[in-house]
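*Asks:*
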Amino acid sequence: MFTGIIEEKGEVAALVQAGGSARLSVRGPLVTSDASHGDSIAVNGVCLTVVEVDGDVFTVDVMRESLDRTSLGGLEEGAAVNLERAVRADQRLGGHIVQGHVDGTATLLSRDPGERWDDLRFSLPEPLARYVAEKGSIAIDGISLTVTTVDDDSFGVSLIPTTLKLTTMGELRVGDLVNLEVDVIAKYVERLVGRQ
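Each step along the sequence shown adds one to the number in full-length UniProt numbering, with nothing skipped, and position 155 is 155.
1. Is it the case that the Cβ atoms of V132 and L124 are separated by a distance below 8 Å?
2. What is the DSSP secondary structure of R173, counted as helix, strand or coil?
3. For the beta strand (DSSP E) holding G55, just list the boundary residues, first then last.
4. Tell me which same chain residues have a C-beta within less than 7 Å of the C-beta of R27, skipping the five on either side of it?
5. Do E8 and Q31 come within 8 Å of each other at the CB atom, strictly closer than that value?
6. Indicate the three-state DSSP secondary structure (helix, strand or coil) for G136 in the structure shown.
7. So R69 packs on S21, CB below 8 Å; how close in whole Å?
8. If I follow the unbroken alpha helix (DSSP H) through A18, where does it start and stop?
9. Under 8 Å, do F2 and A86 count as touching if we go by C-beta distance?
10. Check whether the Cβ atoms of E134 and V147 lie closer than 8 Å to each other.
11. Near V46, which residues of its chain fall below 7 Å by C-beta distance, leaving aside the five closest residues on each side in sequence?
12. Looking at D118: is its Cβ nearer than 8 Å to the Cβ of L164?
13. Are the CB atoms of N82 and I138 nearer to each other than 8 Å?
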């Protein structure tokens with residue numbers, strides 16, 4: 001489990017496609033400081049299992065399901081990525097419950113820079129729209145954010161200077177693809193109510 005509070009911006013060292021899967025290597029000095037084989041690290045919001053650590057670079061295997069449902073397959077060497085280690089039981093839950101199980105992707109539709117923050121608008125895939133609510137939580141590329149506005153096919157978020165500086169959101173351009181994870185509690189409520 002993760003919190004959606006990004007620990008550092010990492011850099012893609014390599015992405016090697018291998019048939020129906022890929023091997024991804026990422027440079028991240030902070031997240032590798034105590035990483036070992038079998039640990040979970042979220043890369044742009046996707047929970048991945050460490051298979052190797054070499055200095056400040058960790059390597060993960062990415063299966064076809066993850067390549068199909070996320071933006072990971074489109075990464076290139078040198079690309080910036082958001083990194084977060086799995087939360088420990090003795091840590092504060094600063095963002096919201098993030099599983100690292102991406103529900104789909106969205107496209108940045110517009111960016112309105114403000115004096116102190118930026119307002120961003122993203123496309124909203126129809127199957128996910130029912131889980132997104134104004135003032136609710138959403139994870140975009142692993143970042144825990146609050147939805148500011150929502151309609152049938154798009155939603156907005158506002159980003160403070162800290163988020164713009166410490167995550168990939170500051171570099172995001174109109175047309176870029178991002179990973180979305182909707183609030184897991186909404187999905188469970190729907191499942192429970194639907195069984196009655």
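Ideal Cβ placement from N, Cα and C applies to all residues, glycine included.
Nothing here was measured: the structure is a model prediction, and the numbers come from that model.
*Replies:* So, to answer that:
1. yes
2. coil
3. Premise fails: G55 is in no beta strand (DSSP E) and is neither H nor E.
4. Take R27, set aside five residues on each side of it, and the residues of its chain with a beta-carbon closer than 7 Å to its own are G10, E11, A13, D56, V57, in chain order.
5. Residue identity differs from the one stated: residue 31 is Val in this sequence, not Gln. Yes. Within cutoff.
6. coil
7. Their Cβ separation, rounded to whole angstroms, is 13 Å, which puts R69 and S21 out of contact at 8 Å.
8. Note, A18: premise wrong, no alpha helix (DSSP H); beta strand (DSSP E) at 8 to 18.
9. yes
10. Contact flag set, yes.
11. S66, T70, L72, G100, V102, N179
12. yes
13. no
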